[in-house]
Amino acid sequence: MKLTVQIGDITRSDAGAIIVTLFQDEGVSGPAAAVDQALDGAISQLLQDGEIKAKAKERTVVHTLGHIPSPRVLALGLGKRAEYNHRLLRDAVANAARQLRGLGVETIAVAVDPALGEPEATAQAIAEGSILGLYTFKVHKKADEDDKEVRELTLVDADASREGALRSGVERGRILAEAQNWARDLANEPANFMTPTVLAERAKAVAAELGLECDVLERSDMERMGMGALLGVAQGSHQPPKLIVLRYQGAAPDAPALGLVGKGITFDTGGISIKPSQGMHEMKADMAGGADVIATVKALAEMKAKVNVTAVVPATENMPGGSAMRPGDVIRAMNGKTIEVLNTDAEGRLILADALCYARQLHLSPVVDVATLTGAMIIALGRIAVGAMTNNDALMERLRAAAAAAGEKVWQFPLFEEYKEHLKSEVADLKNVGNREAGSITAALFLQEFVDDAPWLHLDIAGVDQSDEVKGVLIKGSTGIPVRTLVNLSLSLAEKPLA
Ligand code: BES
Ligand code: ZN
Ligand code: ZN
């Protein structure tokens, strides 16, 4: 879909549909009033008759019957102005764009009312809402004649002084939403298509397109470096493991480089501690964290952001092959710590252990890891918020601000010392699982053993990484959360490093 900005009169647009916005209890104003007038008061009549209340999520399509060039107007309710924000606008535009696509509309004009807020952020929200809301994953389905596509969406504003801000907002929103959709594509891909090798190829393709450095470490490299935890998980699979390293250098070479480490399990059977078959197919998305961090680097590079950032993605399957790890096996991570593997399904923390050590060897700091790590996180937060755990309060504050600006939700869990008891092993330095209590926290405490004293933030995205409904910017399947938060966080840390 092409996104454009036009300065002019919305009533002159010949798009397949015009979207105008309404606040509850405020009648028509701004561009909606101009359209209403051109339609001889059709919208205000509907408001007067109580058929339009302009509540949030309310949408009414009105046919224009030749009064204006565009054949239909979608009146988009945004609720009360006091409760309005750009998150609401982003979701409303996503819903409206999908509705119009269903009607076969190929070109949409959005009337940008100055009341929607500062032009750059408003344009960004509209761009994100439309691109994310119109996302589909149809790679493996033959084309259907009912497949409809919106070709172009134009933001129309009457005020020429806002054009520059609108254009930069659209561009930023486009880059962010396309990166998020790129991550969705990877996580939605079934595991027979998205192997560690393919994941590495996708990262290399990003690097080639944007002129980035991409190194892929092979099994022999991992052996040489003593990555016994990653190798232990990989040994049950016929697919060779990969450690993907994607680097973008947008700031001075001596400026600090942020590390983004993403879990890249391309399929998690549980290994010998095998998962129940019910729902196991969902584990094709167990590389969502890996996809998210690569997408974040891609977006930052496209934005030409003044940031140094490196994504590190340990990628492997977790399979119960004849050479698979057994419960009770002891393995040795890159930093020399030994691990008693009591449950082979707690594999994410094992591969991340070596990836975190590697990130530290590259002197990346802070280090942020992103992983579909624990089922316990879905019990705790459902599919609403990302669980965050950290050894650095200032980093947590940056995350909160970054998430708020992206319209994504994060919630902090504590890493109290007392929980560490759960990870004590009789035979090794650590065991890879505690009991069932506080499972997301003990998983994070396990990871903390591999970051030394670097400022570190762990994001457990199990739950929010998938949506089971179509709602606002979310489509069923992979969400691509928290790519936009990660981009904001990276920009924040580059602009003002942690004290
Ligand atoms: N990939 C799973 C976590 C997960 C579960 C993500 C459901 C998304 C949806 C992870 O590797 C896992 O299996 N974790 C175990 C850990 C347990 C054995 C300590 C879990 O959460 O059950
Ligand atoms: Zn697992
Ligand atoms: Zn897993």
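Just add 59 to the spot in the sequence shown (first one is 1) and you have the working numbering. Even glycine gets a Cβ: it sits at the ideal position worked out from N, Cα and C.
Here Thr501 carries a helix assignment [DSSP, helix/strand/coil]. Assigned with DSSP and collapsed to three states, Pro90 falls in helix. Here the C-alpha atom of Asn494 lies approximately 11 Å from the C-alpha atom of Ile500.
Comparing alpha carbon positions, the residue from Ala259, Gln337, Lys343 and Leu548 closest to Val304 is Ala259. CA-to-CA, the gap between Val366 and Ala453 works out to about 19 Å. Under the 10 Å beta carbon count, Asp218 is surrounded by fewer than 16 other beta carbons and is classified as exposed. By the C-beta criterion, the region 321-328 is judged not to be in contact with the region 390-400, since fewer than 3 inter-stretch pairs fall below 8 Å. Beyond the five residues adjoining it in sequence on each side, Val120 comes within less than 6 Å, by CB distance, of Arg131 and Leu133 in the same chain, given in chain order.
Leaving aside the five residues that flank Ala238 on each side, the residues in its chain whose CB is nearer than 6 Å to its CB run, in chain order, Ala354, Lys357, Ala358 and Val542. Thr375 sits buried, since 16 or more C-beta atoms from the chains shown fall within 10 Å of its C-beta.
Following the DSSP letters along the chain, one finds Val121 in no alpha helix (DSSP H) but inside the beta strand (DSSP E) bounded by residues Arg118 to His122.
In the three-state DSSP reduction, Leu432 falls in the coil class, being neither helix nor strand. Shown here for Gln107: not one same chain residue has a beta carbon closer than 7 Å to its own, the five before and five after excluded. Taking all protein chains shown into account, Asp205 has fewer than 16 neighbouring C-beta atoms within 10 Å of its C-beta and is therefore exposed. Rounded to the nearest angstrom, the gap between the Cα atoms of Ala360 and Val275 is 19 Å. According to the DSSP secondary-structure assignment, Ser526 is paired through a beta bridge with Gly536.
Within 10 angstroms of the beta-carbon of Phe252 lie fewer than 16 other beta-carbons, which makes it exposed. In the DSSP secondary-structure assignment, Asp327 is bridged to Asn377. With respect to the C-alpha of Lys490, the residue from Ile390, Asn547, Arg419 and Ala513 having the closest C-alpha is Ile390. Take Thr254, set aside five residues on each side of it, and the residues of its chain with a beta-carbon closer than 7 Å to its own are Gln298 and Thr325, in chain order. Only exposed fits Gly163, as fewer than 16 other CB atoms lie within 10 angstroms of its CB.
Per DSSP, reduced to three states, the secondary structure at Gly321 is strand.
Taking 9 Å as the cut-off, the beta carbon of Leu159 is found no closer than this to the beta carbon of Gln65. Judged by beta-carbon spacing, Met448 lies beyond the 9 Å limit of His340, meaning their Cβ atoms are not closer than that value. Taking the Cβ of Ser129 as the reference point, every heavy atom of ligand 1 lies at 8 Å or farther away.
Gln420 has its alpha-carbon roughly 31 Å from the corresponding atom of Asn240. For Ile410, the CB contacts under 6 Å within the same chain, skipping 5 residues up- and downstream, are Leu289, Val292 and Pro373 in chain order. Between the C-alpha atoms of Ile167 and Ala155 there is a straight-line separation of about 10 Å. In the three-state scheme derived from DSSP, where H, G and I count as helix and E and B as strand, Ala444 is classed as coil. Listed in chain order, the non-local C-beta contacts of Arg385 below 7 Å within the same chain comprise Ile331, local neighbours out to five positions each way being set aside.
For Gln525 and Ser537, the gap between their C-alpha atoms comes out near 5 Å. Taking C-alpha positions only, His145 is separated from Arg442 by approximately 21 Å.
If you check the C-beta of Asp327 against ligand 3, you find a heavy atom less than 8 Å away. The region 73-86 makes contact with the region 96-116: 3 or more CB pairs, one atom from each, lie closer than 8 Å. Distance from the CA atom of Arg278 to the CA atom of Thr256, rounded to whole angstroms, is 12 Å.
Lys479 sits in a helix when the DSSP states are folded into three classes.
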